[in-house]
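The listed protein sequences correspond, in order, to chains A and R.
Per my numbering, residue 2 is the first one in the first sequence, and the count goes up by one each step.
Per my numbering, residue 15 is the first one in the second sequence, and the count goes up by one each step.
Quick reminder that beta carbons are idealized off the backbone N, C-alpha and C, glycines included.
Everything on this sheet refers to the single structure shown next.
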Amino acid sequence: MRSYDRLRRSFMLGAVLAVAAAFALSACSNQSEYPSKVVKIIVPFGPGGPSDLNARMIAEHSKTEFPKGIVVTNAPGGSATTGTFQVVSAEPDGYTWLYGGTAELASALHYIPAPYTRDDYQLVLKVGNMPTVLLVKKDPRWSNLKEFVEYARNNPGTVKVGTPGDASVNRLVGEMFAETAGIKLVMVPFSGNAAVIPGVLGGHVQAGLLNAPDAKAHAKEGADILALAVFAKQRVAGIPDVPTATEQGFDVTGTVSHYIAVPKATPKKVVNVIHDRLKKVLADPAYLKAEEAVAFQVEYQDAAVARKELDRWYEVAGNIYKRLGMKK
Amino acid sequence: MSVWNDLLFGFSVALLPINLLAAASGAVIGTIVGVLPGLGPAGAIAVLLPITFGIDPSTALVLLAGIYYGSMYGGSITSILVKVPGEAASVVTTLDGYQMARQGRAGPALAIAAIGSWVAGTFGVIGITFLAPMLAKAALTFGPPEYLCLAALALLLLPQVTGGAIWKSYALVAVGVLIATIGQDPTGGLIRFAPDFIPPLRQGIDFVPVVMGLYGVAEVLRSAEEWIMSSGRPEHVTSTPKLAQLWPSREDLKRSAAPIGRGTVLGFLIGLLPGPGNIISTYISYGLEKKLSKHPEEFGKGAIEGVAGPESANNSATAGQLIPLLALGIPFSSITGLLLGGIMIHGIVPGPRLIVDHPHLFWGLIASMYIGNVMLLILNLPMVGLFAKLSLLTPRLLTPLVLLFCIVGAFSINNSLMDVWVLILSGCVGYLLQKAGYEPAPLVLGMIVGPMLEASLTQTGLIIEGNWLQLFSRPLTAIMLALMIAVLLWPIFTRAHNRSKKLA
């Protein structure tokens with residue numbers, strides 16, 4: 002009986018050791034073999050918008066770097082805080098990424114009460130920019146930015162500008178521009194970028210603050226929409242005919258930028274793998290060509306530089322929201 | 015006649031084997047997407063979008079558009095058979111379609127839905143062929159003030175038509191609008207009614223799980239009750255019908271013809287406007303048919319007109335929604351937004367010059383839609399017999415399946431467990447509403463129109479600079495305001511009229 006007990010005990014011990022060894026081994030192999038399963042990118046917006054489209058393009062062009070595949074999952078709502086919160090509270094194993102923008106990662110946090118802070122996520126890298134553009138319906142009263150500003154100065158309070166929403170970066174850029182130009186613009190929030198265009202074309206608002214891809218899509222030869230200015234340091238490759246605001250005498254720049262972020266506790270080693278492989282994707286000519294076709298400005302930055310840029314936007318946004326009395 | 019030449023050219027593109035294959039795949043995938051509750055055309059197109067990066071843009075567009083209009087065919091099937099709308103655009107179809115199935119008339123209901131969809135889909139394409147640029151311009155005169163009035167008019171007028179007591183309908187509309195205010199404010203982005211201890215409420219309450227709960231889960235509960243009440247003896251369960259007939263009779267066809275025609279025109283016009291036109295048009299069509307019917311008392315009890323009209327309307331609305339996209343390059347709904355993305359990836363920008371610059375894309379798509387609609391009819395009609403037999407399955411087999419589909423479907427919308435809770439809660443609420451004699455359709459309407467009302471109210475206030483009397487000086491808003499006043503005064507007027515009649 003006793004020998005049987007001992008046998009059983011040693012058997013149990015052996016089993017426990019074997020299981021532990023197996024775990025240790027698999028843990029080791031997992032570590033070294035990242036990525037060993039499908040990666041999930043969470044887009045905090047619904048399908049069809051620029052974030053969703055870009056995330057899907059990255060997933061499409063990452064097939065060699067992430068052979069197990071990347072799935073794009075939409076988690077819309079809550080002004081993009083829902084999807085972002087899903088990522089910051091996800092398992093920090095490198096298999097859940099956020100495709101995040103300037104607003105939900107920094108600027109909007111002054112205004113929207115979010116269940117996370119800027120310290121709860123870890124940036125992997127910056128993907129690129131969608132510089133803000135000012136679009137108008139073609140009108141003899143304003144064929145360039147100067148004429149538009151002149152009109153707004155002479156008719157204070159009557160120029161209405163459609164934005165994708167009060168929490169958007171576009172609205173902040175619009176406020177910065179209005180302050181620099183010394184004019185008053187009435188900001189009319191719409192529910193997302195796509196909704197602004199019919200408002201501009203129908204003459205319900207006089208202008209729209211959208212992104213470079215929207216200018217590419219709508220301000221074409223033969224179309225009724227004209228892009229007066231892009232708020233970028235240099236002209237944007239996908240829309241070379243659109244002059245910058247700086248060129249026209251108003252030194253204002255502003256952009257929605259896109260970043261890949263992971264939960265804060267994700268191991269450095271894994272983050273490095275993601276960073277290195279995505280950096281390669283961002284330099285892939287096929288990917289760059291696809292993004293230029295939609296006027297998305299690919300720009301790689303490592304996590305430290307990207308973090309600094311977001312910090313600066315957070316500060317700028319804080320001052321503007323405070324001035325507008327919108328700060329929470 | 016250059017249009018005919020262009021159309022002929024379009025067919026030369028659409029009849030290429032690869033494009034025929036794309037149209038057929040779109041039709042099949044669309045039908046499946048339509049049948050499965052929860053998985054909507056937007057989700058399916060988003061998933062398939064990357065696949066189209068590598069193929070010719072005209073083929074990509076043929077495929078993606080096929081999924082979209084194909085889903086409008088499939089959505090009616092589960093509405094009729096198990097009272098779970100496959101798409102939000104098929105909520106209204108449950109009202110009479112399911113009743114028909116319970117009377118053993120699932121076959122005629124399914125067949126009429128398919129035929130109406132085909133007529134409306136084809137008419138819609140004809141509309142695009144000849145009227146696209148003109149209509150697109152007209153739709154732009156609708157700005158936020160017009161939407162505000164349209165939304166208010168819809169909330170005032172439509173609850174009167176779905177049956178039940180008026181005050182009950184209005185109460186449910188109000189509840190629907192209030193539920194829609196939970197979560198993100200559509201323009202400001204602020205988050206409302208989401209206490210910290212229930213974080214998932216921040217994302218708002220999606221109307222899809224609510225629809226599935228109010229109809230599907232509530233129906234599961236109802237048949238469970240029936241089973242328990244009959245103390246588990248299946249022979250007492252009344253809900254297994256006999257198949258009275260498989261195909262619509264001549265009488266059915268005669269009664270459906272006019273509703274299909276009206277639903278087609280109505281859906282097409284509403285589809286031109288921004289917003290979920292394919293959903294809203296079904297409510298309006300149902301209301302119109304009930305008002306025009308010689309026997310309105312049959313509505314809600316299996317009137318075939320209640321299937322024919324709305325099912326036609328949602329298909330022609332889908333075609334109507336493509337017009338602003340193709341003619342102006344403006345997506346008026348999230349689904350056309352996805353289609354826009356699918357084309358833009360190839361460096362092609364839809365807009366006024368699309369027809370001139372990329373005729374093979376524009377005319378190819380249009381020709382493929384004529385073909386696709388015929389394919390869908392051929393695909394759907396032979397299935398009528400098979401699907402109709404499904405309605406004969408005993409509830410004991412069918413209800414767990416329905417419940418399973420609803421739960422999986424609800425979860426798959428946003429990959430959120432919260433939607434499953436919403437589904438279950440709405441199911442219980444829907445069951446209780448049924449007991450209390452409420453028809454839940456107005457609640458869904460309130461949830462869909464609510465955000466539109468809220469956004470346009472904010473925008474209108476800013477655009478008209480707080481001068482609300484301006485609404486009377488814009489022609490379209492003035493007409494809609496006059497209609498609203500008429501709707502409000504009508505009951506008082508008729509009452510006074512009846513009283514004076516009595517006195518005389």
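- Considering only beta carbons, the part of the stretch 37-62 of chain A lying closer than 8 Å to chain R consists of Gly47, Pro48, Gly49, Gly50, Asp53, Leu54, Arg57, Met58, Ala60, Glu61, in chain order.
- With contacts defined as CB atoms closer than 7 Å, Leu476(R) and Val187(A) qualify as a contacting pair.
- Beta-bridge pairing by DSSP links Ala262(A) to Leu99(A), Leu124(A).
- Per the coordinates, the alpha-carbon of Leu502(R) lies some 26 Å from the alpha-carbon of Asn292(R).
- Beta-bridge partners of Pro132(A) (DSSP): Thr256(A).
- In this structure, the CA atom of Ser326(R) is about 9 Å from the CA atom of Leu280(R).
- Neighbourhood of Ile184(A) in chain R, by CB distance below 7 Å: empty, with the nearest CB roughly 16 Å away.
- Within the stretch 339-423 of chain R, the complete alpha helix (DSSP H) segments at least 4 residues long are 348-358, 368-371, 373-394, 397-404, listed from N- to C-terminus.
- DSSP, reduced to helix, strand and coil, places Pro93(A) outside both helices and strands of the structure shown, so it counts as coil.
- Contact annotation for Met461(R) against chain A: no contact, minimum CB-CB distance about 14 Å [criterion: below 7 Å].
- Counting every other CB atom within 10 Å of its CB across the protein chains shown gives Met148(R) a total below 16, marking it as exposed.
- Rounded to whole angstroms, the separation of the alpha carbons of Ile94(R) and Gly200(A) is 39 Å.
- If you check the CB distance, Asn212(A) and Met131(A) come in under 7 Å.
- For Asp215(A), no CB of chain R lies under 7 Å from its own CB, so it is not counted at the interface with that chain.
- From the beta-carbon of Ile113(A), the residues of chain R found nearer than 8 Å are Gly203, Leu204, Ile205.
- Close partners of Thr92(R) in chain A (Cβ separation under 8 Å) are lacking, with about 23 Å as the shortest Cβ gap.
- For Arg488(R), no CB of chain A lies under 7 Å from its own CB, so it is not counted at the interface with that chain.
- For Asn75(A), the beta-bridge partners assigned by DSSP are Val44(A).
- For the pair Leu287(R) and Ile184(A), the Cα-to-Cα distance works out to about 34 Å.
- Using a CB distance cut-off of 7 Å, Met432(R) does not count as an interface residue toward chain A.
- One Cα belongs to Gly135(R), the other to Pro71(R), and the distance between them is close to 23 Å.
- For Lys309(A), the uninterrupted alpha helix (DSSP H) segment begins and ends at 304-325.
- In this structure, Ala455(R) lies away from Met226(R), with their beta-carbon atoms at least 7 Å apart.
- Contact annotation: in the stretch 60-86 of chain R, residues whose CB is within less than 8 Å of a CB in chain A are Ala60, Leu63, Pro64, Phe67.
- Using a Cβ-Cβ cut-off of 7 Å, Gln113(R) does not count as an interface residue toward chain A, since no Cβ of chain A sits closer than that to its own.
- Cβ neighbours of Ile180(R) within its own chain (closer than 7 Å, five residues either side excluded): Gln174.
- In this structure, Ile240(A) lies away from Leu136(A), with their beta-carbon atoms at least 7 Å apart.
- About 14 Å separates the beta carbon of Leu368(R) from that of Thr350(R), a gap too long to meet the 8 Å contact definition.
- Closer than 7 Å to the CB of Leu352(R) there is at least one CB belonging to chain A.
- Look at the stretch 176-201 of chain R: the residues with a C-beta under 9 Å from a C-beta of chain A are Gly197, Gln198, Asp199, Pro200, Thr201.
- DSSP places Gly323(R) inside the alpha helix (DSSP H), whose first and last residues are 319-337.
- Scanning the stretch 445-492 of chain R from its first residue to its last, the whole alpha helix (DSSP H) runs of 4-plus residues come out as 455-477.
- Contact with chain R is found for Pro116(A), since one of that chain's Cβ atoms lies less than 7 Å from the residue's Cβ.
- When DSSP states are grouped into helix, strand and coil, Pro505(R) belongs to the helix group.
- Interface criterion not met: the Cβ of Ile212(R) is under 7 Å from no Cβ in chain A.
- Under the criterion of beta carbons closer than 8 Å, Thr195(R) and Glu468(R) qualify as touching, at roughly 7 Å.
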